[in-house]
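So for the sequence shown, our numbering puts the first residue at 403; every next one is plus one.
A virtual CB, placed ideally from N, CA and C, is assigned to each residue, including glycine.
The structure under discussion appears below in the form of C-alpha cells.
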Amino acid sequence: MEKATQFLHKKLTETTNAIGEGLSTWQNQNRFSRLIDEKYGSLAGLEKSVENLEEKIKEAQNRFNKLEKDKNEWIDFDDSIPFWRKILSFLPFVKREISFRQRAFFSKQNLPIEAELSNAEILNWFENSLKKMADEKKHFLREINEARKLKEDSESANQKWKTWKVTFEINAEPPQLLEKLDETLRFRAFQIATHYWEGCWLREILTEISQEYKETKSVEKQQKRWRRYAKITPCFVATFHSVPNFLRLGKAKKNLCWSLLIC
403 MEKATQFLHK
413 KLTETTNAIG
423 EGLSTWQNQN
433 RFSRLIDEKY
443 GSLAGLEKSV
453 ENLEEKIKEA
463 QNRFNKLEKD
473 KNEWIDFDDS
483 IPFWRKILSF
493 LPFVKREISF
503 RQRAFFSKQN
513 LPIEAELSNA
523 EILNWFENSL
533 KKMADEKKHF
543 LREINEARKL
553 KEDSESANQK
563 WKTWKVTFEI
573 NAEPPQLLEK
583 LDETLRFRAF
593 QIATHYWEGC
603 WLREILTEIS
613 QEYKETKSVE
623 KQQKRWRRYA
633 KITPCFVATF
643 HSVPNFLRLG
653 KAKKNLCWSL
663 LIC
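So this is what it looks like as C-alpha cells:
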C-alpha cells in the first residue's frame with residue numbers, strides 16, 4: 403500500500419507539473435507575442451525594423467570611417483604647414499593665408515568647420531564628432547540586439563508551446579485550452595488524486611484496525627474522522643440550514659470544522 407500511494411503521488415505530481423508547465427509556456431509565448439505587437443506591430447514589422455537598423459549601422463560606420471579618414475588627413479595637412487608660418491600666424495597676412503588653406507581643405511572634405519579655429523579646437527571637433535557617431539552606432543546596435551533577442555525568445559517560446567502540445571496530445575489554444583485540459587490532463591489528475599486519497603484512506607484504516615483504534619466524541623478524534631472522510635468523499639452536499647449542525651463538534655459553536663474538509 404505504501405509503494406502504491408507513493409507511486410500515485412509521483413504520477414499526480416508529474417501531471418500537475420505538466421499542467422502548470424503548459425499554462426506557463428503559453429503565457430510566456432503570449433507575452434512575447436504581445437511585446438512584438440506593441441513595439442513593432444507584428445513579426446514582419448520586427449523583421450523590417452531589423453533590416454532598417456542594419457542599414458543605419460552600416461551608414462553610421464561609413465560616416466565614422468570617413469570622418470576618421472578626414473581627421474588623419476587633417477593632421478597630415480596641418481603637419482605640412484611650414485613651422486615658421488605657424489609661429490608667425492599672429493601676423494594678419496600669414497593668418498589669412500593659413501585660414502584660406504584651411505577653408506579650402508574643409509570645403510574639399512565637405513566638413514562644417516570654421517577655418518579660423520586653432521588646430522587644437524579643430525582636433526577637439528573631430529574627437530567630439532567621432533564620439534557622437536560611435537554613440538549613435540552603439541544605440542542602433544542596442545536596438546537591433548533587443549529586436550533580435552525578442553525574436554529569438556518568441557521563436558523559442560513558440561517551439562516550447564508546440565512541443566508541449568505534441569507531448570500531451572493537446573491541439574487547442576485559449577480559450578478552448580482550459581476545456582481541453584478538463585478532458586485530458588486535469589481529468590487524469592482527478593483520477594490519480596482520487597486513487598491516491600483512497601490509498602491514504604486504506605492505509606489509515608489499516609493502521610487504526612491494527613492499533614484497535616476507538617472513536618470517541620473528543621474534538622481531536624472528531625477532527626481526525628472528518629479528515630478521514632474527506633479523503634474518499636471530498637464533496638459534501640448539504641443545505642445551509644443543515645450544514646452547521648451536521649459539521650458541529652458537540653455543542654460548542656466555535657467547533658465548526660468546515661475548514662477541516664480541505665486536505
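Beta-carbon contacts of residue i that lie in its chain and below 6 Å, excluding the five residues immediately before and after
i: residue 414; result: 594, 595 and 598
Alpha-carbon spacing of residue i relative to residue j, whole angstroms
i: residue 437; j: residue 421; result: 25 Å
i: residue 460; j: residue 531; result: 17 Å
i: residue 613; j: residue 627; result: 16 Å
i: residue 553; j: residue 601; result: 48 Å
i: residue 472; j: residue 458; result: 21 Å
i: residue 615; j: residue 408; result: 25 Å
i: residue 534; j: residue 465; result: 11 Å
i: residue 657; j: residue 606; result: Confidence is the limiting factor: at residue 657 the pLDDT is only 48, short of 50, which leaves the residue's position unreliable and the question unanswerable from this model.
i: residue 608; j: residue 642; result: 34 Å
i: residue 503; j: residue 467; result: 24 Å
i: residue 440; j: residue 529; result: 38 Å
i: residue 686; j: residue 406; result: Nothing can be reported for residue 686: it is not among the residues displayed for the chain, which extend from 403 to 665.
Sequence-distant residues of its chain with Cβ nearer than 7 Å to residue i (five each side left out)
i: residue 566; result: 423, 424 and 427
i: residue 664; result: Model confidence at residue 664 stands at a pLDDT of 45, short of 50, so the residue's coordinates are unreliable; what they give is reported in the following sentence. So no residue of the chain qualifies.
i: residue 515; result: 508, 524 and 527
i: residue 480; result: 521
8 Å CB neighbourhood of residue i in its chain, flanking five on each side removed
i: residue 604; result: 403
Closest Cα partner of residue i within the set the options
i: residue 539; options: 643, 434 and 456; result: 456
i: residue 541; options: 563, 572, 462 and 556; result: 462
i: residue 575; options: 466, 412, 407 and 432; result: 432
i: residue 548; options: 442, 584 and 408; result: 442
i: residue 571; options: 586, 448 and 529; result: 586
i: residue 520; options: 634, 477 and 555; result: 477
For residue j and residue i, believed in contact at Cβ under 8 Å, the rounded distance
i: residue 591; j: residue 417; result: 4 Å
i: residue 452; j: residue 550; result: 7 Å
i: residue 556; j: residue 444; result: Contact doesn't hold; Cβ gap of about 11 Å is too wide.
C-beta neighbour in chain D for residue i, strict 7 Å
i: residue 583; result: The structure shown has no chain D; it contains just one protein chain.
>> Quick check on the DSSP output: what are the complete alpha helix (DSSP H) runs of length 4 or more inside the stretch 548 to 633, in order along the chain?
In response: Listed in chain order, the complete alpha helix (DSSP H) runs (minimum 4 residues) inside the stretch 548 to 633 are 578 to 585 and 587 to 612.
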